[in-house]
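A.B. asks: Residue numbers (the numbering used here): 1 to 74.
All C-beta atoms, glycine included, are put in the ideal place defined by N, C-alpha and C.
Quick caveat: nothing in here was measured; it's all calculated off a predicted structure.
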Amino acid sequence: MRSKVRIMEDVNRLKIVLVEKKKTSKWLAEQLDVNPSTVSKWCTNTSQPPLETLIQISQLLKVEVTELICVPQK
Numbered sequence: 001m002r003s004k005v006r007i008m009e010d011v012n013r014l015k016i017v018l019v020e021k022k023k024t025s026k027w028l029a030e031q032l033d034v035n036p037s038t039v040s041k042w043c044t045n046t047s048q049p050p051l052e053t054l055i056q057i058s059q060l061l062k063v064e065v066t067e068l069i070c071v072p073q074k
C-alpha cells in the first residue's frame with residue numbers, strides 16, 4: 001500500500017509553517033538558541049535540522065513533525 005504522504009523536496013514546509021503561525025525565523029533562532037543564519041539555511045533547504053531539533057521546532061510551533069516535512073498528496 002502506498003502512502004498518501006510524500007516527503008517534500010521542492011517546497012520547504014518549515015518556512016510555510018512559520019508564516020502560518022505568524023512567527024519569524026529570527027524568533028525561531030532565539031527560541032532554539034541557534035544562529036539566525038542556521039534557521040535561514042533550514043528555510044531554504046540548504047541544510048536540514050537534526051531530528052531532535054525538528055522535534056523541538058514542532059513543539060514550539062505546536063504542530064506535528066510530519067507537518068514540517070510532509071504534505072498530503074492531492
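One question on the structure: do VAL19 and LEU61 come within less than 8 Å of each other, judged by their Cβ atoms?
C.D. replies: No, the Cβ-Cβ distance between VAL19 and LEU61 is not below 8 Å.
A.B. asks: Any idea if MET1 is buried or exposed, counting beta-carbon neighbours within 10 angstroms, 16 or more meaning buried?
C.D. replies: Caution is warranted here: a pLDDT of 48 is assigned to MET1, below 50, making its placement in the model unreliable, and no coordinate value can be reported.
A.B. asks: Between which two residues does the alpha helix (DSSP H) containing SER47 stretch?
C.D. replies: Run containing SER47: none; DSSP gives neither H nor E here.
A.B. asks: Near VAL65, what residues of its chain come up, given a Cβ to Cβ distance below 7 Å and the 5 sequence neighbours on each side ignored?
C.D. replies: Correct list, in chain order: LEU54, ILE55, SER58.
A.B. asks: Compute the Euclidean distance between the alpha carbons of SER40 and SER25, then round it to the nearest angstrom.
C.D. replies: C-alpha separation (whole angstroms): 7 Å.
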